[in-house]
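Residue numbers (my numbering): 25 to 123.
Using N, Cα and C, we set each Cβ at its ideal position, and we do this for glycine too.
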């Protein structure tokens with residue numbers, strides 16, 4: 025059988041919107057294993073999240089299980105210091121999402 029856990033998106037959204045210590049350009053977001061955003065971007069509030077590709081070094085590292093920080097471009101092509109932490113959420117047998 026298959027087990028599906030339903031998360032309250034409003035709770036997840038509150039966590040993602042917390043910006044304490046992130047400065048003006050800080051952002052947390054969910055990314056699927058297809059490198060498409062799964063949560064709303066605070067920089068592109070009118071874009072559908074799935075249309076935003078987030079194939080960055082930080083996301084690739086997170087999917088490889090590499091945690092850490094580095095200086096590289098984000099999905100907006102803005103350079104800066106980024107902290108990468110993998111948090112895998114199994115949504116279905118074949119899909120992973122990273123935070």
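DSSP three-state assignment for residue i, whether helix, strand or coil
i, result
"residue 33", "helix"
"residue 56", "strand"
"residue 67", "coil"
"residue 78", "coil"
"residue 93", "strand"
Buried or exposed by the 16-neighbour rule on C-beta atoms within 10 Å, applied to residue i
i, result
"residue 34", "exposed"
"residue 124", "Examination of residue 124 is not possible in this model, given that the chain is present from 25 through 123 alone."
"residue 74", "exposed"
"residue 49", "exposed"
Beta-carbon spacing of residue i, residue j below 8 Å
i, j, result
"residue 60", "residue 77", "yes"
Decide if the stretch 83–93 is in contact with the stretch 34–43; the criterion is three or more beta carbon pairs, one per stretch, under 8 Å apart.
Not touching, per the Cβ criterion.
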